[in-house]
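**Student:** By full-length UniProt numbering, the letter at position 62 of the sequence shown is numbered 62, and the numbering carries on one by one without gaps.
Just passing along the structure, written as structure tokens.
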Amino acid sequence: MKIALMDSGIGLLPAAAAVRTLRPDAELVLSCDPDGMPWGPRTPDDLAQRALTVARAAAARRPDALIVACNTASVHALPAIRAELEPEIPVIGTVPAIKPAAAGGGAVAIWATPATTGSPYQRGLIEEFGGAADVTAVPCPGLADAVEQADEAAIDRAVAAAAALTPRDVRAVVLGCTHYELVSERIRAAVQQADRPPLVLHGSAGAVAAQALRRMGVRPAPDATPGNRLTVLLSGAESTLPAEALNYAEGRLLPAVIPVR
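Encoded structure:
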């Protein structure tokens, strides 16, 4: 089987690692847009067009499913991508895990890019799934860019700034940008209070990987023999993983995949 993932940059790594964990025998196609990133500051129409271009590059490799491993692209471009590629290629979007985070009530924070934080889409998710939870939207300017560049000092600054906006009594944090899952433990360390119960972080990578398998009609097989291959597309051109990807555990999992030649 072949599973494609798309994002503006290396935010697709957590979902790719989750797919690799569930199906180590799957061939992976990673399609990114380094020439056009970051997507967040772009207009919705511009972003949708760039996301469509990245999706088309992935679709040309004839995957069995495509994961839109980007919250921003899922907000602005998912309908257009689905309209063009489905039903031939199932398209799986990425939605912040607000519903499971809010299920236990109490104080919950949603960390997301400023564009997503202020979007009607996120407000709608909070209204629909927030339930009795006290939900605080926390904008995280610069964090996704810092993660993309593997800039340690900038990551620390952005995490600290977002932590300062996060209520002290939160019991759960929703990681509303796929890039944030690459630094989840740093976020946990910044938000966790010594006198509070262990903080729960809610990412999306595992859920979207599992949904991709369901849409394909296959079951997880974590013990399958790794025989998979990897294709990396940077702005449509075949390449290798960006060096920054290797700064993260999820990225270091992928070079073990046999590259396509």
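We put the beta carbon where it would ideally sit given N, CA and C, even for glycine.
#1: Can you grab the Cα-Cα spacing for the pair residue 211 / residue 66, in whole Å?
#2: Starting from the C-beta of residue 40, find all residues in its chain whose C-beta is less than 6 angstroms away, skip the five residues before and the five after it, and write them out in chain order.
#3: Here's a check: name, in chain order, each residue in its chain whose Cβ is nearer than 7 angstroms to the Cβ of residue 145, leaving out the five neighbours to either side.
#4: I'd like to know if residue 249 contacts chain D, where contact means its C-beta is closer than 8 angstroms to some C-beta of that chain.
#5: Should residue 193 be labelled buried (16 or more other beta-carbon atoms within 10 Å of its own) or exposed?
#6: Give me the Cα-Cα distance between residue 227 and residue 93, rounded to the nearest whole angstrom.
#7: Within the chosen definition, does the segment 74–81 reach the segment 45–60 through at least 3 CB pairs nearer than 8 angstroms?
#8: Just the C-alpha distance for residue 183 and residue 147, rounded to the nearest angstrom, thanks.
#9: Closest to residue 238 by CA distance: which of 19, 30, 1 is it?
#10: State yes or no: is the C-beta of residue 106 within less than 8 angstroms of the C-beta of residue 171?
**Tutor:** Judging by the given coordinates:
#1: Taking the sequence shown and counting its residues from 1, one reaches residue 211 at position 211. Taking the sequence shown and counting its residues from 1, one reaches residue 66 at position 66. In a straight line, the C-alpha of residue 211 is about 11 angstroms away from that of residue 66.
#2: In the sequence shown, the residue the question calls residue 40 occupies position 40. Taken in chain order, the residues that qualify are 72, 113, 115.
#3: Numbered from 1 along the sequence shown, position 145 holds the residue referred to as residue 145. 38, listed in sequence order.
#4: The chain labelled as chain D is not found in the depicted structure, where only one protein chain is given.
#5: One-based indexing of the sequence shown puts residue 193 at position 193. That one is exposed.
#6: Within the sequence shown, numbered from 1, the residue matching residue 227 stands at position 227. Within the sequence shown, numbered from 1, the residue matching residue 93 stands at position 93. For residue 227 and residue 93, the distance between alpha carbons rounds to 26 angstroms.
#7: yes
#8: If you number the sequence shown from 1, residue 183 lands on position 183. If you number the sequence shown from 1, residue 147 lands on position 147. Near 8 angstroms, if we compare the C-alpha coordinates of residue 147 and residue 183.
#9: Against the sequence shown, residue 238 aligns to sequence position 238. With distances taken between Cα atoms, residue 238 lies closest to 30.
#10: Within the sequence shown, residue 106 is the residue found at index 106, counting from 1. Within the sequence shown, residue 171 is the residue found at index 171, counting from 1. Yes.
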